[in-house]
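Student: In UniProt numbering, the protein residues as written are 1 to 299.
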């Protein structure tokens with residue numbers, strides 16, 4: 001089961017710079033528009049990484065000082081630059097950057113895990129090269145989480161006795177290259193009294209699957225991110241569906257993108273379901289459905 005043989009998916013990246021001039025990138029699917037930085041209204045007691053609030057077509061938009069949020073020097077012109085307006089994980093915000101460079105197209109296999117010791121490593125999920133220049137792919141979920149951690153949701157665990165029993169018997173593997181997103185999923189599972197296995201990449205996930213195969217802890221449910229270095233969630237799903245020992249796995253793709261936009265592609269890849277991050281109750285409901293399906297399939 002060679003991960004290098006997995007089919008790669010195309011990916012569009014928006015390249016941008018901060019004051020340092022280093023190229024950074026964000027998945028174009030997370031970007032709704034790019035605008036010159038408008039006048040901002042500063043809010044009292046706002047997080048220090050929030051520059052202020054912009055009014056965009058009658059709606060308020062929080063603007064993040066991305067340089068400050070990831071520990072870089074502030075922009076030379078604090079009122080200049082532009083905003084990258086992003087929509088991810090059910091939230092909308094503007095990222096204040098020095099300049100937008102261009103859009104590039106690559107393959108998911110072109111995105112590599114960040115090398116150990118690389119700058120801003122905690123705020124990037126991968127690196128790639130464009131015209132022989134290193135480009136860092138921003139972990140925007142981590143940036144947002146550091147500014148506005150999600151509010152505690154109602155305890156998700158009031159599931160019926162039968163469903164609780166099914167969940168307790170499930171062996172779940174959570175795959176996500178964002179540490180923040182991984183911790184959110186693990187926290188939901190622990191609130192349900194479930195311990196799970198984790199992996200930070202599809203390659204690591206395959207190693208876990210192989211290690212546990214044939215044991216009492218053999219994985220039967222996978223919750224996987226879509227955007228990951230080297231092999232994304234779609235390619236990971238297709239690889240599992242093409243491998244006889246793992247064709248039976250229940251695969252839930254868990255994405256910060258709008259799941260409605262990725263639904264057809266997830267279905268074509270062979271995923272059982274897709275869910276937009278992050279709602280603990282919705283993730284719980286999806287896991288209950290997965291556990292029922294696994295038990296039904298085993299009968």
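Every residue, glycine too, gets a C-beta built ideally from N, C-alpha and C.
Nothing here was measured: the structure is a model prediction, and the numbers come from that model.
(1) Beta-carbon within less than 7 Å of residue 282's beta-carbon, same chain only, minus the 5 sequence neighbours each way: which residues are those?
(2) Can you give me the Cβ contacts of residue 32 inside the same chain, cut-off strictly under 6 Å, excluding the 5 residues immediately before and after it?
(3) For the alpha helix (DSSP H) containing residue 32, list its first residue and its last residue.
(4) For a test of the three-state rule: what should DSSP assign to residue 289, helix, strand or coil?
(5) Between which two residues does the beta strand (DSSP E) harbouring residue 99 extend?
(6) Would you kindly report the start and end of the unbroken beta strand (DSSP E) that includes residue 145?
(7) Using a Cβ-Cβ cutoff of less than 7 Å, which residues in the same chain neighbour residue 248 once the five nearest sequence positions on both sides are dropped?
(8) In whole angstroms, give me the CA-to-CA distance for residue 263 and residue 64.
(9) Can you name the start and end residues of the alpha helix (DSSP H) that residue 169 belongs to?
(10) Please classify residue 12 as buried or exposed, where buried requires at least 16 other C-beta atoms within 10 Å of its C-beta.
(11) Evaluate residue 67 with the Cβ neighbour count: other Cβ atoms within 10 Å of its Cβ, from every protein chain shown; 16 or more gives buried, anything less gives exposed.
(12) Indicate whether at least one CB of chain B lies closer than 9 Å to the CB of residue 46.
(13) Should residue 252 go down as buried or exposed, given a rule of 16 or more other Cβ atoms within 10 Å for buried?
(14) Is the CB-CB distance between residue 141 and residue 180 below 9 Å?
(15) Under a Cβ-count criterion, where at least 16 other Cβ atoms within 10 Å of its own Cβ denotes burial, should residue 122 be classed as buried or exposed?
(16) Residue 20 by DSSP, collapsed to three states: which one?
(17) Report, in whole angstroms, the separation of the C-beta atoms of residue 206 and residue 49, which I expect to be a contact under 8 Å.
(18) If you measure between the beta carbons of residue 270 and residue 241, is that distance less than 9 Å?
(19) Give a yes or no on whether the C-beta atoms belonging to residue 227 and residue 59 are separated by under 9 Å.
(20) If you run the structure through DSSP and keep just helix, strand and coil, what is residue 298?
(21) In chain order, what residues of the same chain have a beta carbon less than 8 Å from the beta carbon of residue 170, not counting five sequence neighbours either side?
Tutor: Reading it off the structure:
(1) What you label residue 282 is simply residue 282 of the chain shown in a count that begins at 1. Once the five neighbours on either side are set aside, the close Cβ partners of residue 282 are 275.
(2) Sequence index remark: in the chain shown, residue 32 carries index 32 (1-based). The answer, listed in chain order, is 85, 87.
(3) As a first step, residue 32 must be located in the chain shown, where it is residue number 32. Judged by DSSP secondary structure, residue 32 falls outside any alpha helix (DSSP H) and instead within the beta strand (DSSP E) spanning 31 to 36.
(4) As a working mapping, residue 289 is identified with position 289 in the chain shown. Residue state for residue 289 is assigned as helix, using DSSP reduced to three classes.
(5) The sequence position of residue 99 within the chain shown is 99, counting from 1. Under the DSSP assignment, residue 99 falls in the beta strand (DSSP E) whose first and last residues are 99 to 107.
(6) By one-based count along the chain shown, residue 145 stands at place 145. For residue 145, there is no enclosing beta strand (DSSP E); the residue is part of the alpha helix (DSSP H) that begins and ends at 140 to 147.
(7) The sequence position of residue 248 within the chain shown is 248, counting from 1. Excluding residues up to 5 positions away in sequence, 297 lie with their Cβ nearer than 7 Å to the Cβ of residue 248 in the same chain.
(8) Counting from 1 along the chain shown, the entry for residue 263 is found at position 263. Counting from 1 along the chain shown, the entry for residue 64 is found at position 64. One alpha carbon belongs to residue 263, the other to residue 64, and they sit about 30 Å apart.
(9) The residue given as residue 169 occupies position 169 in the chain shown. Counting along the chain, the alpha helix (DSSP H) containing residue 169 begins and ends at 161 to 169.
(10) Position 12 of the chain shown, counted from the first residue, corresponds to residue 12. It counts as exposed.
(11) In the chain shown, residue 67 corresponds to position 67, counting from 1. It counts as buried.
(12) No chain B is present in this structure, which holds just one protein chain.
(13) For the purposes of this step, residue 252 is identified with residue 252 of the chain shown, where counting begins at 1. Counting every other CB atom within 10 Å of its CB across the protein chains shown gives residue 252 a total of 16 or more, marking it as buried.
(14) Looking up residue 141 in the chain shown gives position 141. Looking up residue 180 in the chain shown gives position 180. Cβ distance < 9 Å, so residue 141 and residue 180 count as in contact.
(15) Translated into the one-based positions of the chain shown, residue 122 becomes position 122. With a 10 Å radius around the Cβ and a threshold of 16 neighbouring Cβ atoms, residue 122 comes out exposed.
(16) Within the chain shown, the letter at position 20 stands for residue 20. It is coil, neither helix nor strand.
(17) The sequence position of residue 206 within the chain shown is 206, counting from 1. The sequence position of residue 49 within the chain shown is 49, counting from 1. With a Cβ gap of about 37 Å, residue 206 and residue 49 do not count as contacting.
(18) Looking up residue 270 in the chain shown gives position 270. Looking up residue 241 in the chain shown gives position 241. Residue 270 is a Cβ neighbour of residue 241, given a cutoff of 9 Å.
(19) One-based indexing of the chain shown puts residue 227 at position 227. One-based indexing of the chain shown puts residue 59 at position 59. Not closer than 9 Å, so no.
(20) Counting from one through the chain shown, the residue named residue 298 turns up at place 298. Residue state, collapsed to three classes: helix.
(21) Here residue 170 refers to the residue found at position 170 of the chain shown. 194, 220, 221, 287, 290, 291, 294, listed in sequence order.
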